[in-house]
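Trainee: Its first residue numbered -4, the sequence shown is counted upward by one per residue in this note's numbering.
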Amino acid sequence: MDRRQQQHSHLGGTVVAVGVLLGLAAGTTGCSDSRAAADDVKGAGDPVALLRRAADTLGGAGTSKATTSMEMATGGTRVTIRGKGVYDYRHRLGRLTVVLPEDPAGAAEHRPITELLAPGALFMKNRGAGVPADKWVRVDTASVSDGNLVTGGATDPYAAAEVLRGTRRAAYAGRTEVGGTPVRHYRGTANLADAARSASAANRAALGAAAKGFATAEVPFDVYLDDQGRIRKLRQRFSFVNGLQKTPVAVASTTLLYDFGTPADVRLPHAQDIYAGRIAEEAGTGTDENKPSQKPAREPSN
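#1: For a test of the three-state rule: what should DSSP assign to aspartate 268, helix, strand or coil?
#2: When we look at the beta-carbon of glycine 40 and count the other beta-carbons within 10 Å, is it buried (16 or more) or exposed?
#3: So is proline 338 buried or exposed if we call it buried at 16+ other beta carbons inside 10 Å?
#4: Can you tell me which of the three DSSP states lysine 207 falls into?
#5: With DSSP as the reference, please indicate the residues paired to proline 215 in a beta bridge.
#6: Tell me, please, which residues DSSP counts as bridged to threonine 58.
#7: Taking the DSSP output, what are the residues bridged to glutamine 231?
#8: With DSSP as the reference, please indicate the residues paired to valine 178 in a beta bridge.
#9: Skipping 5 residues on each side, what residues in its chain have a beta carbon closer than 6 Å to that of alanine 188?
#10: Going by DSSP in three states, glycine 89 sits in which element: helix, strand or coil?
#11: How would you call phenylalanine 235, buried or exposed, if buried means at least 16 neighbouring beta carbons within 10 angstroms?
#12: Output the boundary residues of the alpha helix (DSSP H) element that contains valine 43.
#13: In whole angstroms, what is the alpha-carbon distance linking serine 138 and alanine 196?
#14: Let me know if proline 127 comes out buried or exposed under the rule of 16 or more other beta-carbons within 10 Å of its beta-carbon.
#15: May I have the straight-line CA-CA distance separating arginine 179 from arginine 163, to the nearest angstrom?
#16: In terms of residues, what are the limits of the alpha helix (DSSP H) holding glutamate 110?
#17: Cα-Cα, which of Glu157, Gly203, Arg133 and Met119 is closest to valine 218?
#18: For a quick check, are the C-beta atoms of phenylalanine 216 and phenylalanine 233 less than 8 Å apart?
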């Protein structure tokens, strides 16, 4: 199992010892390190082409665990929304438990929201805002202006990977580790309109909506791929305009993927378990984009 945090160690020594070691290594390790570095750069391949295929590589990976975080500044306060769960890349189905931050005054504690991610839809339970606790809210991802890249407080891992299909510029930034796994780090910029044109049918409309709804279609990113080409960490920066303010809100979404092959049995709710009423407006939401859809789910739950 992957470790979650990177560990760095630094070796020190006296000036004399360093001088001796450098002298001894001049004709051996220096040449070896240079050759290894050259091989690593060569092995990285064309970054743009590689990243445009990253979603396909995930599709072949089957399943994984996922951890998400979404950071934004609102009302002068920086908040972070965190999620954790599993994802099935073949069927494009995921389940996350999303934890909302405390109110600035610390007076209210939110119950964790259960989110089910499906092609074209987001299902939320414990949504609050007048929704009964035993009901699910269904949101059509193509109907929200951000394509649900930020609306649900967590970015669908496969949708995040499909944003990379729109990679226009990318550079290899070297090797590092994520959760104890050796990875290659790439830094670049993707375009949402380009991504929508190349995306799977399930995400095409949602990414197209995001390309039009965000303040800019350009998405700067940092991505870390393991030696099999699978995404281990993806950090994307969106510029979003909500209904309460005219100035764009900077949103940073980070996705961590690990434990590939883990069981990911995701069952969607019965149609009768989906809330058909209207959601009360909450502080911090300025649109009616989360108005529930009455369309039935594709798969029933037990």
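Where a beta carbon is used, it is the ideal one built from N, C-alpha and C, also for glycine.
Mentor: To lay it out plainly:
#1: helix
#2: exposed
#3: Residue 338 lies beyond the stretch modelled for the chain, which goes from -4 to 297, so this question has no answer here.
#4: helix
#5: Thr184
#6: Asp83
#7: Phe216 and Ser248
#8: Thr171
#9: Ala206 and Ala212
#10: strand
#11: buried
#12: 42 to 47
#13: 15 Å
#14: exposed
#15: 18 Å
#16: Not the alpha helix (DSSP H): glutamate 110 falls in the beta strand (DSSP E), residues 108 to 113.
#17: Glu157
#18: no
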